[in-house]
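Just so you know, we're using the working numbering here: the sequence shown kicks off at 2 and counts up by one.
Where is the CB? At the ideal position from N, CA and C, for every residue including glycine.
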Amino acid sequence: MGLVATERLDRQRVIDAALNLLDAEGLDALSTRRLGAVLDASANAMYWHVGNMDNLVGFAADTVFAELELTSGAESWRDRLAATARELRGLFTRHRWLTAAFSANPRIHGPGIVRFQDHLLQVCHQAGFTGFDLDWAGATVFSYVIGDAWGQTPPPGSEPADTAAELVEQVKTDLADYPLLLDRYAALAGADPDDVNDASFEFGLRTLLDGLQAHLDHHITGPR
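Below, the structure is given as structure tokens:
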């Protein structure tokens, strides 16, 4: 290894290897030892190209953000913002480690992420937001999506989830004095989890957009 490994490595090869490991096993699995085994390289050889592990995670995150199409058109700001939120959700679904990466370092940036941030600002500006409201409107959308993704991401090393029916049986005794809560658990047990998650996301997204619209209306017309 050593000099030979350094010569045949480049930054993109290190990033691609990290991405494969991140997608397969999550953020906790990323280490110089694992990458070194894949690339047949020393830690020093890899760090020569990426600096340190935090930089590498940032490079990986920025790389996957380039997947976003961020199409624009003549649609209303609500349609564009909804489409952006759904596309971002898809990105976090494909790359489950992204939630942990942003939690550990919210200031990750790079060309791909900057492109997304500008797109989000442009759509919110189209809606009529200005000043700090413009920043906060975009941040609210991003926070909603990453929060939804966090809720759908199993903890590292967790066992396969129990079925909804099994979960209801487990909590029946604890919820005996809370019939409404038990009823909701039972309702979830009879529903498809993916359908519920999708419907929950759309409910929250509609509510968020309604709230942004109400803020704009209030700002334009004044308190009612």
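Buried or exposed (CB count within 10 angstroms, at least 16 for buried), residue i
i, result
"Arg90", "buried"
"Ala30", "exposed"
"Gly191", "exposed"
"His120", "buried"
"Val65", "buried"
"Phe133", "exposed"
"Asp149", "buried"
Collapsed DSSP secondary structure at residue i in the structure displayed
i, result
"Asn198", "helix"
"Ile109", "coil"
"Arg207", "helix"
"Thr141", "helix"
"Asn45", "helix"
"Glu170", "helix"
"Thr72", "coil"
Extent of the continuous alpha helix (DSSP H) run through residue i
i, result
"Glu88", "Trp78 to Arg95"
"Leu182", "Pro180 to Ala190"
"Asn21", "Arg12 to Glu26"
Integer Cβ distance of residue i from residue j, believed to fall under 8 Å
i, j, result
"Leu182", "Leu176", "5 Å"
Original post:
Can we say the segment 35-47 touches the segment 76-95, given the rule of at least three CB pairs closer than 8 Å?
Top reply: Under the Cβ criterion (8 Å, minimum of three pairs), the segment 35-47 does not count as touching the segment 76-95.
**OP:** Flag this pair as touching only if the segment 44-54 and the segment 96-116 have three or more C-beta atom pairs under 8 Å; answer yes or no.
**Re:** no
**OP:** Indicate whether the contact test is met: 3 or more Cβ pairs, each with one atom in the segment 105-121 and one in the segment 57-70, closer than 8 Å.
**Re:** yes
Original post:
Per the contact definition of three or more C-beta pairs closer than 8 Å, is the segment 208-223 in contact with the segment 137-146?
Top reply: Two segments are said to touch when three or more pairs of C-beta atoms, one from each, lie closer than 8 Å; by this definition the segment 137-146 touches the segment 208-223.
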